[in-house]
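Here is the structure we will look at.
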Amino acid sequence: MAKDMTIWWGSGSPPCWRVMIALEEKKLQGYNQKLLSFEKGEHKSKEVMDVNPRGQLPAFKCGDKIINESYGACFFLEVRTRARYCLVVKEIGCWRSS
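All residue numbers for the sequence shown refer to the UniProt record's numbering, where the first residue is 1 and numbers rise by one.
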């Protein structure tokens, strides 16, 4: 499942960490990751701009779905994996479809 996932991320970015922690906590192994340098302007490269026209990180892609907000990516992972525990909205209760 994780082989069709790619995250473009930058070191030192809490929003990037948020998505990467969710991927790891959900035990999604084998996803693709591309570490980019903010200092070198790699987050404004054509590759990233094709995925996220704002040139911001993280950029997350799963199959043909592209999600460029860290909370949105975490929510997507939560719904997609249907885990036994809730990572996203603990304070309002964990929801699951049966």
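The C-beta atom is built at its ideal place from N, Cα and C for all residues, glycine as well.
1) Reducing DSSP to helix, strand and coil, say where F60 ends up.
2) Assuming contact is defined by CB atoms lying nearer than 8 angstroms, are W9 and L36 in contact in what I supplied?
3) To the nearest angstrom, how far is it from the Cα of L77 to the Cα of F60?
4) For K65, does the three-state DSSP call read helix, strand or coil?
5) What does a CB cutoff of less than 6 angstroms around N52 pick up in its chain, not counting 5 residues either side in sequence?
Working from what's here:
1) strand
2) yes
3) 11 angstroms
4) strand
5) A59 and N68
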